[in-house]
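K.L.:
A single structure is presented below for examination.
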Amino acid sequence: MIVVSGRIVVKEGALKKLRPVMQAMLAASRAEPGCIEYHYGPDLSDPDAFLVLEKWESWETLEAHFEKPHLKAWRAALAGAGLVSRTMWAADERELKEV
């Protein structure tokens, strides 16, 4: 199993506008083969940030996720909303690498 965790910060006030895109991303990602869990949650220390938690069956299923149209649309929406920072990490029982 691969666990992905991260934190995304957007321009002040942009998170509310992103919610519909976030909901679509959650639904599409959860329907993907190999997706065990996929969540977004608030960062209580910053109203313009949110946390990401994902679980995937394998590196291959995670890498396939990176090629999906809904992920590309999500990244474009983030850029359009004024992405401030994105820090994501993935780990399995053997290694940790930035994704």
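Going by the UniProt record's numbering, the first residue of the sequence shown is number 1, and it counts up by one from there. For glycine and all other residues, C-beta sits at the position ideal for the given N, C-alpha and C.
Relative to the C-alpha of Arg-30, which residue among Thr-61, Ala-14 and Lys-17 is closest?
P.N.:
The residue with the shortest Cα to Cα distance from Arg-30 is Thr-61.
K.L.:
Counting only runs of 4+ residues fully inside the UniProt domain "ABM" (2 to 99), write out the alpha helix (DSSP H) ranges in chain order.
P.N.:
DSSP runs (the alpha helix (DSSP H)) wholly in the UniProt domain "ABM" (2 to 99): 14 to 30, 59 to 66 and 69 to 80.
K.L.:
Going straight from the alpha carbon of Glu-57 to that of Val-3, what length do you get?
P.N.:
In a straight line, the C-alpha of Glu-57 is about 9 Å away from that of Val-3.
K.L.:
Name the residue from Glu-93, His-70 and Met-1 whose alpha carbon lies nearest to the alpha carbon of Pro-20.
P.N.:
Ranking the options by Cα distance to Pro-20, first place goes to His-70.
K.L.:
Which residue from Gly-80, Ala-27 and Ala-79 puts its Cα closest to that of Glu-54?
P.N.:
Of the listed residues, the one whose Cα sits closest to Glu-54 is Ala-27.
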